[in-house]
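Written below as structure tokens is the structure these notes are about.
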């Protein structure tokens, strides 16, 4: 396999979309290039995440030392860095600086839904530093066209590449749905808190109960911030929908697959998104989607085709779309089939890996051409 790629990202056990994506991609990409995955973040208590502490500083130093060792032993042609705004971004700029100092090609892979907005509202020194770091890399991957358009104010458009997240559609093949049960089941797959719209969803469930719509809700995920799960449970009791809402907790692997198999629809009324893995997983599982018109979501969920899109915070519209799907099994089946077809056609991991390899090769060729002409 000639090309050596050092990929940097969170450990596979870490909760979040980047980990879920890389866990899907790495085995397939590793069949196409010589790939070394370097986990720079491991799962830790939510109270420790993002804090400046001696423990976290020690972990960062350890990560940097392992990175330097990997550069020396593996000698990669490409360094592929998965990053997002915040402390993670500042930490990851070390990999950019060292990689470019050693004349390695660096591919920066952006995640999360707020990078461009957070950059524009950050301090002047941070804006300058971010522009400098992004200007050093050889290519910048954005996970949606909408996000790429926003990032074009920071990164040179010629270096921007849109590469949507992917899913292993073969691993999520489901049988026909059972529509005989009296109550439909909506699955929320994400951290429970404000940003993912979990509290809005509970308000929508109250509106549905008032209208006599027998929808059951499963909330599968950890809490967004300490105390959010307790707040959500308390709100469900206050709204008198606790009997319709089941808090499943964090799910992975077979547990997640079982929920996708048993659910009738996915609902994710987020305020901010990049391109959530939960939606791609649900599409591959043949579910209709109810989500919000944010980030890259409209690029995979077409309103009225394989699901419904509402404005963030529009609880009335959210409840109305959920009611439509809850009471129309034929529509659920049709939209779910379209979701599955779209996932197979556009979002499969094997297509994704091929596009990544093509990007690596173009970066290599561009760099070699530049060195020859220089």
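Residue numbers (the working numbering): 1468 to 1841.
All C-beta atoms in this analysis are idealised placements derived from N, C-alpha and C, irrespective of residue type, glycine included.
Check: Got a sec, what are the start and stop residues for the beta strand (DSSP E) residue 1504 sits in?; Outcome: 1501-1508
Check: With a threshold of 8 Å on Cβ separation, who are the neighbours of residue 1830 within its own chain once the five nearest residues in sequence on each side are excluded?; Outcome: 1545, 1572, 1574, 1605 and 1606
Check: Assuming residue 1613 and residue 1771 are in contact, meaning their beta carbons sit under 8 Å apart, how far apart are those beta carbons, in whole angstroms?; Outcome: With a Cβ gap of about 19 Å, residue 1613 and residue 1771 do not count as contacting.
Check: Short of 8 Å in beta carbon distance, which residues of its chain neighbour residue 1513, apart from the five on each side in sequence? Order them along the chain.; Outcome: Because the pLDDT at residue 1513 is just 47, under 50, the model does not fix this residue reliably, and the point stays unresolved.
Check: Between the region 1661-1672 and the region 1725-1743, do at least 3 Cβ pairs fall closer than 8 Å?; Outcome: yes
Check: Closest to residue 1656 by CA distance: which of 1477, 1482, 1475 and 1471 is it?; Outcome: 1482
Check: Excluding the 5 residues flanking residue 1814 on each side, which residues of the same chain have their C-beta closer than 8 Å to its C-beta?; Outcome: 1631, 1632, 1633, 1634, 1636, 1747, 1750, 1751 and 1767
Check: Residue 1485 lies in the alpha helix (DSSP H); which residues open and close that run?; Outcome: 1484-1496
Check: Can you look up residue 1750 in the DSSP assignment and give me helix, strand or coil?; Outcome: helix
Check: Please state the DSSP three-state secondary structure of residue 1473.; Outcome: strand
Check: How about residue 1561 and residue 1473: do their beta carbons lie closer than 8 Å?; Outcome: no
Check: Any idea if residue 1638 is buried or exposed, counting beta-carbon neighbours within 10 angstroms, 16 or more meaning buried?; Outcome: exposed
Check: From this set, 1760, 1702 and 1820, which residue's C-alpha is nearest residue 1490's C-alpha?; Outcome: 1820
Check: Looking only at its chain, what residues have a beta carbon closer than 8 Å to the beta carbon of residue 1550, apart from the 5 residues adjacent to it on each side?; Outcome: 1556, 1559, 1575, 1576, 1577 and 1578
Check: Can you round the beta-carbon distance between residue 1846 and residue 1583 to whole angstroms, since I take them to be within the 8 Å contact cut?; Outcome: No answer is possible for residue 1846: it lies beyond the span of the chain, which begins at 1468 and ends at 1841.
Check: Look at the Cβ atom of residue 1603, then the Cβ atom of residue 1654, and state whether they are nearer than 8 Å.; Outcome: no
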